[in-house]
Structures are given as C-alpha cells and as structure tokens.
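Residue numbering for the sequence shown follows the numbering used here, beginning at 526 and increasing consecutively. Quick reminder that beta carbons are idealized off the backbone N, C-alpha and C, glycines included. Everything on this sheet refers to the single structure shown next.
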Amino acid sequence: MGEIFKDDDAAAATSAVTASSAVPTAATYLNGPILVIGTGLLGASVGLGLSRAGLDVRLQDPSPSAQQIAQDVGAGTILKSGETLSPELVVCAAPPDVTAAAVAQALKDYPHAVVVDIASVKSSILNTLLADDSLTAEQLTRYVGTHPMSGREKSGPAAARGELFVANPWVITAHDTASERAIRTARSLVADLGGVPTYMDPLSHDHAVALVSHMPQITASLLASRLLNAESTQLALAGNGLRDTTRIAASDPRLWIQILAHNAPQIVGHLEGMREDIDRLISTLHHPEANGALLDLAELFGEGNAGHARIPGKHGAPPQSFAVVTVLVDDKPGQIARLLKDVGDANINLEDLRMDHASGRPVGMVEISVLPGKEAELEAVLQKLKWRVVK
C-alpha cells in the first residue's frame, strides 16, 4: 500500500488526483477488505472502481436483485449471510432517510472499521448520530461524513461507472471528534477512486449543495413539469436549450424527495431569493412599456451572465470563453467519429463538444469549442476536408 497522505501533502495529493485517469493502477491507499452497504448507482460505482483497482470489495443491500446486479457488473462480491468479515472500511451508500441508521449499525457491527457515508446531505445525518444514545464516543471517532459530487440522471447498479468520481470534487465533512485514522481512510477512498478531496464543515456543505446541486434539480423539474400539457406541435420545436435545462429532471424522484426533505432549511433561503427575482420579472413583464422596464430586464439578464461567468471552467480552472466552430454533419453512421478524427489530426485540442439535431431533419449541427485564436485554423482545415462549416 502507498504511503497515506499527510496533512501538509494535501495540495500535492489534490494535484495528483486531478491528473489521475480511470485506468486502475497496482498501488492503492486502501488495503481492504471494503464493505459497501447499498448498491444503487453510487454504491455500485464505488465498488466497481475499487474492485478494478484490485481491492477486495463486499456488497450488501436489502434488495437481493440490486446486490446481484452490482455483483454481476463487477462491483464486488455479495456478503453472505452469517459470513465473518473484518473490513478496513465500510461505505454506507444508503438513501438519506436511512443513512444514519445504517452508519450506526455498521459502527456497532464492525468495531475495527472506519465507517463513511456518501449521502448528499450531511448535517441532519451527523446530528442524528450525535443524538443516538446507543453509540459510544469511541464509535463516533470512526465515522466520517463524505459526499462525492458525482452522479448521473440514471439510477441503479446497472448504471454504475467505475470512473464516475474521477477528477470530481469529493467533500469530506469530518466532525470534531473524528480520529485522524478515520479522516485518512476517507481521504484514501477518495484517492483510490480518483476524486479530488475537498474539506468543509457539514453545515457549509449543505448550504453549498443547496445552491449548486439541489436548486438546479428543482429548477429543471419545475420547468419540465410545464411540458405536461404542452401540445405536440409545441414540443416539436424544442432544441438544445430545453434539453439542456431539463436533462436532470429525469433523475430518480424517490431519492430527491429525501434529499429535499433533509436539506429543506438550506434550500428554502435560495428558493425565496429566486421567488423575489421571479416576482420582479413578472411585475416588469406585466407592463413592459413602462419607464425603466427594459432596463430592469437588462439588469436581470446581466446578473445571470455575471453569475454564469463565475462557474469554474474546464478542470476547475477559472472560467474561460472558448471559440466555437459549428459544422453541419449528415445523419449517417461514422460521421461524428470522422469529424473528431479530423480535428485530432489537425492537432487542435477539443475543449468541449455540443450536438444538436433538428427533429425530422437528415442533418445535425456539431459545435466544437476550441481555445480563442484556434477557430480560424480549425475552420480552414475542416473546409479543406470538405466539411460544411457554418459561418
């Protein structure tokens, strides 16, 4: 096993983790075995990533079919009833409403193991554990709350990906009495799965995710709900704007009901702020001809521009405006692959990619984002290769 990170090595460790890839290596920071309790998307992804790294992973889930699927996709081996196990680490990947109970039981069942949870809310779980009279102070020293900022709109073990956590933030919210061994083990889990460790207190975490994770889900779901009674002729006009803003509305509603309920105090403040903006917009649009109305609209959208500009860009670097080259692509097999190969052969790095396909049309548009100053070079190369570049 590699040397565990020291506190003064945190910056170097973060840099190394950011540069890691999904390809497993022989060196791991954990020894194993690791028990994963809960084999949904995140739990199975944890198991799959650790198993690929060569670690002994055991799986446990109240649903026999869920744990069987997780085993079938390579996330580990099902822990048999009555089997004796002394894990180095227990990862509780249970839904938020049962996470505290799962953590408490794991602390009792495995007296030598560090126990972490990966739920998306932290304060309510920690408060429940601290108020649990059946837990000793020593047991609580072996618990660390964590939250990988990774996911998909799909759910269940069949959607698991071992590389799901690579280069994404993974928040560690250690409480005041958590032992150094427990914190180090949590950090080792993050490192072995390629995540980027970030440290926050539970309340700060919950306030942050209410804004950057929970509010986008709420907004997407509310917007998508407006489509229920839309005419098919209206939906036929939908483009990437609607698809992009409603993509996560396809997420599992059962999980989000629990997340919102557990983090309600933090979410309400953001919702009230958004309500003020919506009320302001409604008032302005009732009388768009009034003095100052257009200025008010300009200010509102300007605030949106400024907020969007603060979102970190590629690899967490400061936001950067890329140049975009738009190419028309025939709806035929192999066209996208050929286009990407031509871009690569031109030795121009593709910073981002976006595709749009008009309903019923045999052609689509591919928007290729490159560094400013590279767009003219790329346009010239593609036009020479007979691609249709949109000016």
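query, result
"Alpha carbon of D726 to alpha carbon of I893, nearest angstrom", "39 Å"
"Selection from A745, V895, G601 and H811 that minimises the alpha carbon distance to G766", "A745"
"Beta bridge counterpart(s) of W781 as assigned by DSSP", "Answer by DSSP bridge pairing: none, since W781 is not bridged."
"Beta-carbon proximity check, A625 vs S649, cutoff 9 Å", "yes"
"Residues of its chain near P589, where Cβ-Cβ distance is below 8 Å and the 5 sequence neighbours each way are ignored", "none"
"Which of helix, strand or coil DSSP assigns to M725", "coil"
"Beta strand (DSSP E) runs contained entirely in the segment 602-657, provided each spans 3 or more residues", "614-617 and 639-642"
"Limits of the beta strand (DSSP E) - the one that G794 falls within", "Not the beta strand (DSSP E): G794 falls in the alpha helix (DSSP H), residues A789 to H811."
"Whole-Å CB distance - T653 paired with A703, under 8 Å assumed", "Going by Cβ atoms, the distance from T653 to A703 rounds to 16 Å, so no, they are not a contact pair."
"Nearest candidate by alpha-carbon position, reference A685, set T661, L575 and P636", "L575"
"Any beta strand (DSSP E) of 3 or more consecutive residues that is wholly inside the segment 574-606", "582-585"
"Which of helix, strand or coil DSSP assigns to R913", "strand"
"F847 versus A629, R879, G687 and V639, residue with shortest Cα-Cα distance", "R879"
"Cβ-based burial, S750 [other Cβ within 10 Å; buried from 16]", "exposed"
"Given R913 as reference, the closest of D731, P897 and L853 once Cα atoms are compared", "L853"
"Sufficient close CB pairs (3 or more, under 8 Å) joining the segment 688-708 to the segment 578-595", "no"
"Validate contact between the segment 784-794 and the segment 722-741 using beta carbons, cut 8 Å, 3 pairs", "yes"
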